[in-house]
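Data block below; observations after.
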Amino acid sequence: MSRRRIEWTPVVVLGLSLLILVLFIVYPLSRVVLNSFLLKGKPFSLANLTLANFGQFLSSALYRSALRNTLTVGLATVFFSCLLGIPMAWFLARTRVPAKTLFLSLGTLPLILPPFIGAYSWVLLFGRRGMLTGLLKLWLAIQMPDIYGPVGVILAMSLSYYPFVLLLTYGALLSADPFIEESAEIMGASRWRILRTVTLPLVMPAILAAALTVFIRAVGNFGVPALLGGNYYVLPTLIYFQVVGYFDLNAAGAIALINVLLVAVAIFASQRVTAGRSYVTVRSTTREARESSSRLLAAIGAVVCGLIILLSLLPHLTVIFASFAEGWAGSRFPKKFSLANYARIWQIARTPLMNSLFLSVAATAVATATGTLLAYLQVRRGTRFRWVLDLTIMLPFILPGIIVGVAILIGFSSGLIVLSGTWMILVLGYFIRRMPYVFRSTSASLSQIDAAIEEASTIAGAPWLLTFRRITLPLMLPGILAGAIISFSTLMGELSTTVMLYAARWKTITIAI
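For the sequence shown, the numbering used here begins at 2 and goes up steadily by one.
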């Protein structure tokens, strides 16, 4: 009996993890698909299935323009993110730019800071009564274009998302075989030709991966278009209006599916670009690529990197500046500076801050536990269908946050499990959105652990649970902690999913801002 109980322990534990996966990810996402083919208020039946929601979308000039706007924002953000990230990565990897570590650290900060905070800062700087708008007009007679609309949205997103391109391209440049570029140089190729015909093709998979990530983030971003879009509507803002304005979850589901279709097309296109091509570089040495000894290039690189970082961090520096300002609302410049805002912050934002802390900690704990067990299932118990598990877990990472919010709202606002209006629906949304981070980091950590260590413990007679708790878990801990830290730090600034799920009692700090 004892032996059978020991054998069933991993089955029960991992089975519960799979049940959570199906119930809280597969079920709500399938409800989005189903509801998009039903009209508002109609129960499910084959007779009620209709394409009316999609027909309304295609027949409405507003909806069609929102689709065009979403594509424009996504593609333009990718273009400008690459325009900023690729040169910066090349200068840091291939020239002797001083303070490289500092540049890299500062260059990744926009990933940590919520994009909508940057969007609010651009309003303070370049809004109709913005500080820099007034100074440029007063001193240089320059009339700045309106920050509200596509220009502001694309600017704010590009400066928030270019670090994806920077980090992935920089890593690819460091890992590329240096002999390939050096061979081209020996053959007499110019630096520009080497860059264009050798270096860029070598790092193209990394650039495409970064571009895809930026596109997915841009077409699913709600906060920046809501603050800077004005009358320039995109699909996430239309989804929000359908849910909050009309409480039409069916129409919102149809728009969400169209948004998902954009993401699917982008993934397919990126795979088609790289299909059938080889990007392998066989490194016969661990030597790093040779850096250019040109002082001019190093100086240019320092200036370029410095300007990009200054521009991307300017909005967040403005937030710090604004935190000391009084009487700025409605005026071009602050009337005075003091610590009064910090004295009032506990009274104003105490409840939203405590709500955010509680919800983020709870969601991180659930995501860490479930993500760790699912990572173990995928790495140690994986079968030929392990890709299905991997895809299912990663879907919430691929999908825009506002769509995940709609899925949870549709799935758990009626039926056997009703969570709408409670704190649990927010924890569920956060858990679904951030579990892929824990899953990925833990899977990577577990893949480096030799299974023979666990097998030795099992042969010695230790139960599975004891082996997992005493041996496997401590070895996986670095990956688990990395995923948990990333999850918690990003959840404190989560907006897209929150705006669809929160109730007045559970207002978070992002909603309060």
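Using N, Cα and C, we set each Cβ at its ideal position, and we do this for glycine too.
Is the Cβ-Cβ distance between residue 319 and residue 122 less than 8 Å?
-> Residue 319 sits at position 318 when you count from the first residue of the sequence shown. Residue 122 sits at position 121 when you count from the first residue of the sequence shown. Yes. Within cutoff.
What does DSSP give as the partner residues of residue 326 in its beta bridges?
-> Walking along the sequence shown from the start, residue 326 turns up at place 325. In the DSSP output, where bridge partners are listed per residue, residue 326 has 338.
Would you report the Cα separation of residue 510 and residue 353, rounded to the nearest angstrom?
-> For this step, residue 510 is matched to residue 509 along the sequence shown. For this step, residue 353 is matched to residue 352 along the sequence shown. If you take the alpha carbons of residue 510 and residue 353, they lie about 5 Å apart.
Grab the span of the alpha helix (DSSP H) containing residue 295 for me, first residue to last.
-> Taking the sequence shown and counting its residues from 1, the one referred to as residue 295 is at position 294. That residue, residue 295, is in no alpha helix (DSSP H); it is neither H nor E in DSSP.
Euclidean distance between Cα positions of residue 501 and residue 487 | Translated into positions along the sequence shown, residue 501 becomes position 500. Translated into positions along the sequence shown, residue 487 becomes position 486. About 22 Å.
The alpha helix (DSSP H) spanning residue 388 covers which residue range?
-> Position 387 of the sequence shown, counting from 1, holds the residue named residue 388. Residue 388 -> alpha helix (DSSP H) spans 387–399.
Proximity to residue 50 [Cα-Cα], best of 34, 148, 420 | What you label residue 50 is simply residue 49 of the sequence shown in a count that begins at 1. Looking at the Cα atoms, 34 is the closest of the given residues.
Are residue 439 and residue 491 close, meaning C-beta to C-beta below 8 Å?
-> Locating residue 439 in the sequence shown gives position 438, counting from the first residue. Locating residue 491 in the sequence shown gives position 490, counting from the first residue. Against a cut-off of 8 Å, the Cβ pair of residue 491 and residue 439 comes out as no contact.
Might you give, ordered along the chain, the residues of its own chain that have their beta carbon closer than 6 Å to the beta carbon of residue 220, omitting 5 neighbours on each side?
-> What you label residue 220 is simply residue 219 of the sequence shown in a count that begins at 1. Here the set comprises 71, 75, 263.
Name the two residues that bound the continuous alpha helix (DSSP H) containing residue 54.
-> Translated into positions along the sequence shown, residue 54 becomes position 53. Counting along the chain, the alpha helix (DSSP H) containing residue 54 begins and ends at 53–60.
Using only alpha-carbon positions, find the residue among 405, 199, 437 that is nearest to residue 376.
-> As a first step, residue 376 must be located in the sequence shown, where it is residue number 375. Among 405, 199, 437, the Cα nearest to that of residue 376 is on 437.
So which of 97, 16, 41, 108 has the shortest CA-CA distance to residue 308?
-> For the purposes of this step, residue 308 is taken as residue 307 along the sequence shown, with counting starting at 1. Considering only alpha carbons, the answer is 108.
If you check the beta carbons only, do residue 260 and residue 401 fall under 8 Å apart?
-> Along the sequence shown, read from residue 1 onward, the residue named residue 260 stands at position 259. Along the sequence shown, read from residue 1 onward, the residue named residue 401 stands at position 400. Yes.
Do residue 311 and residue 110 have their C-beta atoms within less than 8 Å of each other?
-> The residue you call residue 311 lines up with position 310 of the sequence shown. The residue you call residue 110 lines up with position 109 of the sequence shown. Cβ atoms of residue 311 and residue 110: not closer than 8 Å.
Anyone know if the C-beta pair for residue 37 and residue 54 falls short of 8 Å?
-> In the sequence shown, residue 37 corresponds to position 36, counting from 1. In the sequence shown, residue 54 corresponds to position 53, counting from 1. It is a contact, given that the beta carbons lie within the stated cut-off.
Supposed contact pair residue 472 and residue 455 - C-beta distance, whole angstroms, cut 8 Å = One-based indexing of the sequence shown puts residue 455 at position 454. One-based indexing of the sequence shown puts residue 472 at position 471. The Cβ separation is near 6 Å, so the contact holds.
Does the distance from the CB of residue 1 to the CB of residue 442 come in under 8 Å?
-> The requested residue 1 is not part of the displayed model; the chain covers only 2 to 514.
Would you tell me roughly how many angstroms separate the C-alpha atoms of residue 292 and residue 164, rounded to the nearest one?
-> For this step, residue 292 is matched to residue 291 along the sequence shown. For this step, residue 164 is matched to residue 163 along the sequence shown. Residue 292 and residue 164: Cα-Cα distance of roughly 22 Å.
For residue 101, three-class secondary structure by DSSP = Counting from one through the sequence shown, the residue named residue 101 turns up at place 100. Residue state, collapsed to three classes: helix.
Between which two residues does the alpha helix (DSSP H) carrying residue 36 extend?
-> The residue given as residue 36 occupies position 35 in the sequence shown. Note, residue 36: alpha helix (DSSP H), 28–36.
Limits of the unbroken alpha helix (DSSP H) element including residue 455 = Start at 1 with the first residue of the sequence shown, and residue 455 comes out as number 454. Start and end: 452–460.
Can you tell me the Cα-Cα spacing of residue 469 and residue 391, whole angstroms?
-> Locating residue 469 in the sequence shown gives position 468, counting from the first residue. Locating residue 391 in the sequence shown gives position 390, counting from the first residue. Cα to Cα, residue 469 sits roughly 21 Å from residue 391.
Does the count of Cβ pairs from the segment 206–218 and the segment 154–173 closer than 8 Å reach three?
-> yes
So what's residue 84 in DSSP terms, helix, strand or just coil?
-> Residue 84 sits at position 83 when you count from the first residue of the sequence shown. Reduced to three states, the DSSP call for residue 84 is helix.
Identify which residue in 459, 299, 416, 250 has its Cα closest to the Cα of residue 93.
-> Working through the sequence shown from its first residue, we reach residue 93 at position 92. It is 299 whose Cα lies nearest to the Cα of residue 93.
Selection from 484, 427, 417 that minimises the alpha carbon distance to residue 446 | Reading the sequence shown from its first residue, position 445 is the one you call residue 446. The shortest Cα separation from residue 446 among 484, 427, 417 belongs to 484.
Taking all protein chains shown into account, decide if residue 285 is buried (16 or more other Cβ within 10 angstroms of its Cβ) or exposed.
-> Locating residue 285 in the sequence shown gives position 284, where the first residue counts as 1. Only weak support exists for where residue 285 lies, its pLDDT of 45 falling under 50; the value from the coordinates is given anyway. Label assigned to residue 285: exposed.
Sorted by chain position, which residues of the same chain lie with C-beta nearer than 7 Å to residue 444's C-beta, five sequence neighbours on each side aside?
-> Position 443 of the sequence shown holds residue 444. Only 376, 379, 380 meet the Cβ criterion.
Any chance the segment 93–103 sits against the segment 136–144, with 3 or more Cβ pairs inside 8 Å?
-> no
Count the other CB atoms within 10 Å of the CB of residue 283; is the residue buried (16 or more) or exposed (fewer)?
-> Your numbering for residue 283 matches position 282 in the sequence shown. A caution first: residue 283 carries a pLDDT of 46, below 50, which makes its placement in the model unreliable, though a value can still be read off. With fewer than 16 other Cβ atoms within 10 Å, it is exposed.
How would you call residue 27, buried or exposed, if buried means at least 16 neighbouring beta carbons within 10 angstroms?
-> Sequence index remark: in the sequence shown, residue 27 carries index 26 (1-based). Residue 27 comes out exposed.
Nearest candidate by alpha-carbon position, reference residue 382, set 366, 452, 158 = For this step, residue 382 is matched to residue 381 along the sequence shown. Comparing Cα positions, the closest option is 452.
Residues near residue 345 by beta carbon distance below 8 Å, same chain, minus five either side = In the sequence shown, residue 345 corresponds to position 344, counting from 1. For residue 345, where only same-chain residues beyond five positions count, there are no Cβ hits under 8 Å.
Find out if the Cβ-Cβ distance for the pair residue 316, residue 119 is shorter than 8 Å.
-> What you label residue 316 is simply residue 315 of the sequence shown in a count that begins at 1. What you label residue 119 is simply residue 118 of the sequence shown in a count that begins at 1. Taking 8 Å as the Cβ cut-off, residue 316 and residue 119 qualify as a contacting pair.
Residue 117 lies in the alpha helix (DSSP H); which residues open and close that run?
-> Position 116 of the sequence shown, counting from 1, holds the residue named residue 117. Per DSSP, residue 117 belongs to the alpha helix (DSSP H) from 116–127.
Beta-carbon contacts of residue 125 that lie in its chain and below 7 Å, excluding the five residues immediately before and after | Mapped onto the sequence shown, residue 125 falls at position 124. Hits under 7 Å: 131, 132, 319, 323.
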